[in-house]
Amino acid sequence: MRRKILPSNGSAGTRRRSLGFLGRFVALLIVFYFVVASKPVNDYVIVPFTAGVAAVSGQLLRMIGEPVSVAGTEIRSGTFGVNIENGCNGVETALLLAAAVLAFPAGWRQRLLGFFLGFFAVEIVNLVRVVSLVWIGRHRPALFDSSHTVIWQSAVVLFGVLLFLFWASRQTRRPAPSPEEKDGR
Amino acid sequence: MLDRRAALRVVIGFLVALAFWFLFSGPYERVVAPAAEFLLRMGESPGVTRLEAPGREFLLNRTDFPPGAPHPGLPSADLHFNFVLLGALFALAPRPWRGDRVARFLLGALCLYLVHVVFLVFEVESLYATRFGDWSLAHYGKAARNFWAAGFHFYQIAGRFAAPFAIWWFLGRPDPAQAASGQRGRGYRKKKN
């Protein structure tokens, strides 16, 4: 039977389970951080991935009529240019999502499905963010700083958290498998 | 937990928290800076670090800086914009304006304030440990340099987003059973009408 993580304002047992989830979440986040921050992973995974985000964003910007050039992780549009770094490539939200999904008591198949679908959705929202930020930087430069730092970063992370909560609510609602189901009959 | 009303509450919570953050981030920085300065000075003898918050950045000053030396500025929004995330998450619960939920939100905001103070200390120490050339090498060993720099980098990459989520998970997450009974209650009232 799946364990339920119940609210923090519940009994001592549920509070303990809630703390257990938080402990696993923080531990996994630290592990993932060290993996992502290590030089080989950064150079051979994160930077090429970020260049891919820049290339796809460049294509989308050209589709909406913005004349842009892309070189590696940098997108230039006229006199305006942005360099996509960690924090702007959706990886930080993916780390959060991965840590939360893996820390949550669910089957491994559900966890992997939740993470990969969530990662895909987060990256789509992140593409919208990059495209809109380049557009804002070129056409409304006064709004760029607040849009970049506060609004879009918070919005993408909030989207990731809501995805996790949606996934988690489906896991806790799922009925416990019957003995026949457990036996695969 | 995640129905249409909850989504609307999150959007409204996000916008209200954003407006609050824009209005009060300046005064807030003037409360964060002295606390971080106090912690930094606890590790110094004599205490020489001075943190000022003129707006949009924390200005780092040391009484032993040579006269006329530039004072490094640390961008302040990066440290505390995650308040917006905390506000949006606390708005997820039904009737977020209820007294007990407001109290939990204020407690959460206090926890986030402590996180901001601690990581401002990490940011300043990371600057001392890695950006002052020979002075950094003379005053910080390899382990200390890695500790402060990795601590602040962790906050930048993951910690600043994880902190509001963890605080909300522990203090503000709505009870699914209560939420369900609340929805049932609304349903019965509708049937009576």
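Protein chains in written order, with my numbering: chain R, 18 to 202; chain W, 8 to 200. In this text, a Cβ means the ideal position worked out from N, Cα and C, and glycines have one as well.
- Query: Under 8 Å, do I19/W and A98/W count as touching if we go by C-beta distance?
  - Reply: Contact check for I19/W against A98/W passes: the beta carbons are separated by less than 8 Å.
- Quick one: Cα of W152/R to Cα of P73/W, how far? Distance between the alpha carbons of W152/R and P73/W: 44 Å.
- Exposed or buried, which one is A60/W when buried takes at least 16 other CB atoms within 10 Å? Under this definition A60/W is a buried residue.
- Message: Alpha carbons only, please: which of L134/W, L86/W, W142/W and R48/W is nearest the one belonging to Y35/W?
- Response: Y35/W has its Cα closest to that of L86/W, out of L134/W, L86/W, W142/W and R48/W.
- Among the residues of its own chain, which have a CB less than 8 Å from the CB of A138/R, if the five just before and after it don't count? Cβ neighbours of A138/R within its own chain (closer than 8 Å, five residues either side excluded): F176 and L180.
- Beta-carbon spacing of P95/W, F31/W below 8 Å: It is worth fixing the name first, because residue 95/W is Ala in this sequence and not Pro. Against a cut-off of 8 Å, the Cβ pair of F31/W and A95/W comes out as no contact.
- Query: Can the beta-carbon of L25/W be found less than 8 Å from the beta-carbon of G115/W?
  - Reply: It is not a contact, given that the beta carbons lie outside the stated cut-off.
- Task: Closer than 8 Å by C-beta to V173/R: which residues in its own chain qualify, once you throw out the five before and the five after it? Chain order, please.
- Result: Excluding positions up to five away in sequence, the list reads G107, T110, V139, V142, N143 and R146.
- Item | Under 8 Å between C-beta atoms of V91/W and V167/R | Contact flag set, yes.
- Task: Step through the CB atoms of chain R and report whether any lies within less than 8 Å of the CB of A136/W.
- Result: Output row for A136/W: interface = no.
- Message: Taking the beta carbon of F133/R as the centre, do at least 16 other beta carbons fall within 10 Å, making it buried, or is it exposed?
- Response: Note on F133/R: under 16 other CB atoms within 10 angstroms of its CB, so exposed under the neighbour-count rule.
- Message: Beta carbons nearer than 9 Å to chain W: which residues of the segment 99 to 130 of chain R have them?
- Response: Those would be N103, G104, V108, E109, T110, L112, L113, A116 and A117, in chain order.
- Per DSSP, what kind of secondary structure is T110/R in: helix, strand or coil? T110/R: helix per DSSP, three-state reduction.
- Query: Should N103/R go down as buried or exposed, given a rule of 16 or more other Cβ atoms within 10 Å for buried?
  - Reply: Taking every protein chain shown into account, the CB of N103/R has 16 or more other CB atoms within 10 angstroms, so this residue is buried.
- Task: Mind listing the chain R neighbours of H160/W? Cutoff is C-beta to C-beta under 7 Å, in chain order.
- Result: Around H160/W, the beta-carbon contacts reaching into chain R at under 7 Å are A54.
- Message: Using C-beta distances below 7 Å, list every residue in its chain close to G131/R, excluding the 5 sequence neighbours before and after it, in chain order.
- Response: These residues qualify, in order along the chain: V118 and W184.
- Task: Spell out whether any CB of chain A is found under 8 Å from the CB atom of W176/W.
- Result: Looking at the structure shown, chain A is missing, and the protein chains on hand are R and W.
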